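Chains A and B supply the protein sequences, listed in that same order.
Its first residue numbered 118, the first sequence is counted upward by one per residue in my numbering.
Its first residue numbered 26, the second sequence is counted upward by one per residue in my numbering.
Using N, Cα and C, we set each Cβ at its ideal position, and we do this for glycine too.
None of these values were measured; they are calculated from a predicted model.
Notes follow once the structure below has been shown.
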Amino acid sequence: MLDTKKIKKQFPIFKHHKDLVYLDNASTTQTPQVVIDAMNFYYEQRRANIHRGTYQLSGLATQLYEESRDAVADFINAHDTEVIFTSGATHGLNLLAYNLCKNFKVGDNVVLTRMEHHANLVPWIEMSKRYGFEVRFVELTSDYRLLTTDLSIDDHTKIVSFCHISNALGTINPARELISVAKKVGAISIVDAAQSVAHTPIDVKALDCDFLIFSGHKMYGPTGIGALYGKKERLEKLDPFFFGGDMIKEARYDGATWADLPWKFEGGTPNIAGAIGLAAAIRFLTHIGLDQIAAHESMLRAYAIEQLQGIKNLTIIGPSNPLPTFHYQGEDSRCGPIISFVIDGIHPHDIAQILDHRGVAVRAGHHCTMPLMNYLGLDGTVRASFGVYNSKYDIDTLADGLRDAVKKFS
Amino acid sequence: MSYETTDIDNLYRESILDLYHHPLNKKVLADFDVEQREYNPLCGDDVTVRIKFDKRGTVLDIGHQGTGCAISQAAVSLVTDAVRGKGKGEIEKMNESDVYKLLEFEVIYTRRNCATLGLKAIQKALCH
């Protein structure tokens, strides 16, 4: 069990919003003081551009930025040349989609799942329109899990890209199994770890994925920063995404050569403070311990399911799991720290507003998975998602609010 | 920040919930002049209006179809009722505050699209 009272004190937002019950962590997490301090340290004491100045201050700024990359690399067990700073998961996935699909043709296919966030769906659909390849979807079982008996992966599959944890359902996908099947047919594997990176340990070597992406702001870091991991041999074959300053080795009036990895992909002055803040968030997470976080959130989810099941006309839209356990890397695991649900006769938006009245922040709607909602025949769901500062009290407040909503609408 | 800024009981008072459960003018007009769909991607509220005008260009009949939250369903009910008998010019002049007058409350920023979806559909329909 985490000491949530102690953890909560590290987040200034709760000083300013004393009654806030924040259950929208899948959307974005709150920021601990240490992250704010790390960014302020850069702005107040280390502000200079990186990789450019010969003066000392620029050297210190560069050192902070590159140490932040090392922190990200260590966190996911990668080499520092394999970590590219991006603006977030959407940037990372677009970089891959634009780059990897260039030589695809009619007859090729890219395999996604029915539960992808728009960021891991729309880029591939748009590329398929340009290059004529097919986009396939792994179907879902009635229990909101992937139908792994029919993965639609064949010899023409070029890419298999999937979310580690579904942001809309909470399902944890069998990452290692999908990656190994992709590998067998020579397809590139991409893991969207946006929803898992702050909730379970990630080891890219153990996963053996080709690429893995995530955002900083869903892991207690700042907005506008994220990372793309790629195996060195894969990154070397990719073209730069942004052309400009900082990604050039040598430029002429008729062309240029590219900087080494990872800088080849970081054109323009990057989000330096963001990278530094992300590294601080990683230190924050590591200090608590990912295994402890996973166990705490698993306990919260189990408790929430228990409380929610007693509410009239409430249906959970996600894997049914009386005993949710969160095992390493998602294999054999049951569910992430996300609960999606609907209440018959009350629109998700109305539920969210009634909850907001009690200070409970949840997400209502399609959660950027509009095709999934249509596929499931839903207008949307209410989603409660947990983080390190949440406690059983938060779940009780949520349940009280839901009972109030049911009463109002009856 | 206070969480008491919205009068939640007024927002979800019986007359609003009644309109949610039994919306006014929720029907498919077989004979119509214009049709317009409006969609709110944030929450999935979806409304399609069909309007029949008389010879002078005033609204003879109006019907809406779709799904949405209590606020959007109540608002589209009241707005469709309010535009009946009105001319195009008069409807074009209507705005957000007219919707709040009909609802008898203002909504918070995040619910504005819910409240105004029906009016937007009607006003866009007039441009056909």
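- Query: Considering only residues of the same chain and omitting the five flanking positions on each side of Ala206(A), which have a CB-CB separation below 7 angstroms?
  - Reply: Residue numbering aside, residue 206(A) sits at position 89 when the first sequence is read from its first letter. Around Ala206(A): Ala236, Asp309, Ala311, Ile330, Phe331, Ser332 and Gly343.
- Between the Cα of Arg418(A) and the Cα atoms of Ile124(A), Val239(A) and His316(A), which residue gives the shortest distance? Translated into the one-based positions of the first sequence, residue 418(A) becomes position 301. The shortest Cα separation from Arg418(A) among Ile124(A), Val239(A) and His316(A) belongs to His316(A).
- Item | Neighbouring residues, chain B, relative to Ala481(A) (Cβ below 8 angstroms) | Start at 1 with the first residue of the first sequence, and residue 481(A) comes out as number 364. Under the 8 angstroms cutoff, chain B gives Cys68.
- Do Leu489(A) and Ile428(A) have their C-beta atoms closer together than 9 angstroms? Here residue 489(A) refers to the residue found at position 372 of the first sequence. Here residue 428(A) refers to the residue found at position 311 of the first sequence. No, they are not a contact pair.
- Message: My assumption, with CB atoms under 8 angstroms, is that His466(A) sits in contact with Cys94(B). Please give the rounded CB distance.
- Response: Here residue 466(A) refers to the residue found at position 349 of the first sequence. Here residue 94(B) refers to the residue found at position 69 of the second sequence. So it is a contact: roughly 4 angstroms between Cβ atoms.
- Taking only beta-carbon positions, decide if Arg62(B) is within less than 9 angstroms of chain A. As a first step, residue 62(B) is located in the second sequence; it is residue number 37 there, counting from the start. No, its Cβ sits nowhere closer than 9 angstroms to a Cβ of chain A.
- Task: Measuring only between beta-carbons, confirm whether Asp71(B) sits less than 9 angstroms from chain A.
- Result: As a first step, residue 71(B) is located in the second sequence; it is residue number 46 there, counting from the start. Cβ-Cβ to chain A under 9 angstroms: yes for Asp71(B).
- Message: Closest to Arg38(B) by C-alpha separation, out of Ala516(A), Ile471(A), Thr498(A) and Ile305(A), would be which residue?
- Response: Taking the first residue of the second sequence as 1, we reach residue 38(B) at position 13. The residue with the shortest Cα to Cα distance from Arg38(B) is Ile471(A).
- Query: Given Gln409(A), which residues of its chain have a CB within under 8 angstroms of its CB, disregarding the five upstream and five downstream residues?
  - Reply: Counting from one through the first sequence, the residue named residue 409(A) turns up at place 292. Taken in chain order, the residues that qualify are Leu119.
- Item | DSSP-derived helix/strand/coil call for Cys592(A) | There is simply no residue 592(A) to check, as chain A begins at 118 and stops at 527 in what is shown.
- Just mark Glu423(A) as buried or exposed, buried being the case when its beta carbon has 16 or more other beta carbons within 10 Å. For the purposes of this step, residue 423(A) is identified with residue 306 of the first sequence, where counting begins at 1. Exposed is the call here.
- Cβ separation of Thr97(B) and Asp70(B), assumed to be a contact under 8 angstroms, to the nearest whole Å: Numbered from its first residue, the second sequence carries residue 97(B) at position 72. Numbered from its first residue, the second sequence carries residue 70(B) at position 45. Just to set this straight, residue 97(B) is Ser in the shown sequence, not Thr. Right, their Cβ atoms sit about 4 angstroms apart.
- So what does Arg253(A) bridge to, in DSSP terms? Working through the first sequence from its first residue, we reach residue 253(A) at position 136. Paired residues: Val228(A).
- Query: If you pair each beta-carbon of the stretch 193 to 213 of chain A with each one of the stretch 333 to 341 of chain A, do three or more pairs fall below 8 angstroms?
  - Reply: yes
- Measure the C-alpha to C-alpha separation of Thr171(A) and Leu181(A) and round it to an integer number of angstroms. What you label residue 171(A) is simply residue 54 of the first sequence in a count that begins at 1. What you label residue 181(A) is simply residue 64 of the first sequence in a count that begins at 1. Computed Cα separation, rounded: 16 angstroms.
- Message: I'd like the span of the alpha helix (DSSP H) that includes Tyr64(B), first residue to last.
- Response: The residue you call residue 64(B) lines up with position 39 of the second sequence. Run containing Tyr64(B): none in the alpha helix (DSSP H); it sits in the beta strand (DSSP E), Val59 to Asn65.
- Backbone CA spacing between Leu495(A) and Leu286(A) [nearest angstrom]: Here the question's residue 495(A) lines up with position 378 in the first sequence. Here the question's residue 286(A) lines up with position 169 in the first sequence. The straight-line gap from Cα to Cα measures roughly 13 angstroms.
- Item | Cβ neighbours of Gly391(A) in the same chain (closer than 7 angstroms, five flanking residues each side left out) | Taking the first sequence and counting its residues from 1, the one referred to as residue 391(A) is at position 274. Within the same chain, Gly391(A) has close Cβ partners Gly333, Pro339, Gly341 and Ile342.
- Query: Which value, in whole angstroms, describes the spacing of the CA atoms of Tyr445(A) and Glu294(A)?
  - Reply: The sequence position of residue 445(A) within the first sequence is 328, counting from 1. The sequence position of residue 294(A) within the first sequence is 177, counting from 1. Its pLDDT being 40, under 50, Tyr445(A) is placed unreliably by the model, and the measurement read from it follows with that caveat. Going by the C-alpha atoms only, they are around 14 angstroms apart.
- Item | 3-residue-minimum beta strand (DSSP E) runs that sit fully inside the stretch 267 to 305 of chain A, ordered along the chain | 274 to 280
- What's the C-alpha gap between Lys125(A) and Phe221(A)? Here the question's residue 125(A) lines up with position 8 in the first sequence. Here the question's residue 221(A) lines up with position 104 in the first sequence. Roughly 49 angstroms between the two C-alpha positions.
- Opposing strand residues paired with Tyr139(A) [DSSP bridges]: Along the first sequence, one-based indexing puts residue 139(A) at 22. Paired residues: Ala478(A).
- Message: What ranges does the alpha helix (DSSP H) occupy inside the stretch 352 to 413 of chain A, keeping only unbroken runs of at least 4 residues that lie completely in it?
- Response: 389 to 405
- Task: Answer with yes or no whether the minimum CB distance from Ala100(B) to chain A is below 9 angstroms.
- Result: Indexing the second sequence from 1 puts residue 100(B) at position 75. Ala100(B) does not count as touching chain A.
- Name, going along the chain, the residues of the stretch 74 to 92 of chain B whose beta-carbon falls closer than 9 angstroms to a beta-carbon of chain A. Thr92
- Hey, is Tyr37(B)'s beta-carbon within less than 9 angstroms of any beta-carbon in chain A? By one-based count along the second sequence, residue 37(B) stands at place 12. Closer than 9 angstroms: yes.
- Task: Determine the chain B residues that contact Gly494(A) at a beta-carbon separation under 8 angstroms, and present them in chain order.
- Result: Here residue 494(A) is taken as the residue at index 377 of the first sequence, counted from 1. In chain order: nothing, as chain B lies at least about 11 angstroms away.
- Compare the beta carbon distance of Arg62(B) and Gly88(B) with 9 angstroms and say whether it is the shorter of the two. Within the second sequence, numbered from 1, the residue matching residue 62(B) stands at position 37. Within the second sequence, numbered from 1, the residue matching residue 88(B) stands at position 63. Not closer than 9 angstroms, so no.
- Could you pull out every residue in the same chain whose Cβ sits closer than 6 angstroms to the Cβ of Ile305(A), ignoring the five residues on either side in sequence? For the purposes of this step, residue 305(A) is identified with residue 188 of the first sequence, where counting begins at 1. Here the set comprises Ile276 and Asp327.
- Query: For Leu440(A), does the count of other Cβ atoms within 10 angstroms reach 16, so buried, or fall short, so exposed?
  - Reply: Here residue 440(A) refers to the residue found at position 323 when the first sequence is read from its first residue. Since pLDDT at Leu440(A) reaches only 43, below the 50 mark, its modelled position is unreliable, and the value read off the structure follows with that caveat. With fewer than 16 other Cβ atoms within 10 Å, it is exposed.
- Message: With a threshold of 7 angstroms on Cβ separation, who are the neighbours of Lys145(B) within its own chain once the five nearest residues in sequence on each side are excluded?
- Response: Along the second sequence, read from residue 1 onward, the residue named residue 145(B) stands at position 120. The answer, listed in chain order, is Glu63.
- Anticipated Cβ contact below 8 angstroms, Ile130(A) with Gln147(A), distance rounded: Position 13 of the first sequence, counted from the first residue, corresponds to residue 130(A). Position 30 of the first sequence, counted from the first residue, corresponds to residue 147(A). 5 angstroms between Cβ atoms; contact.
- What does Leu42(B) reach in chain A if we use C-beta pairs closer than 9 angstroms? In the second sequence, residue 42(B) corresponds to position 17, counting from 1. Under the 9 angstroms cutoff, chain A gives Lys525 and Phe526.
- Query: Under a three-way DSSP split, which group does His444(A) fall into?
  - Reply: For the purposes of this step, residue 444(A) is taken as residue 327 along the first sequence, with counting starting at 1. Residue placement at His444(A) cannot be trusted, given a pLDDT of 43 that sits under 50; the coordinates are not used to answer.
- Would you decide whether Asp612(A) is buried or exposed? Buried here means 16 or more other CB atoms lie within 10 Å of its CB. Only positions 118 to 527 of chain A appear in the structure, and residue 612(A) is not among them; the question remains open.
- Anything in chain A within Cβ reach of Ala140(B), meaning under 9 angstroms, just list it in chain order. As a position in the second sequence, residue 140(B) is number 115, starting the count at 1. The contacting residues do not exist; Ala140(B) stays about 11 angstroms from chain A at best.
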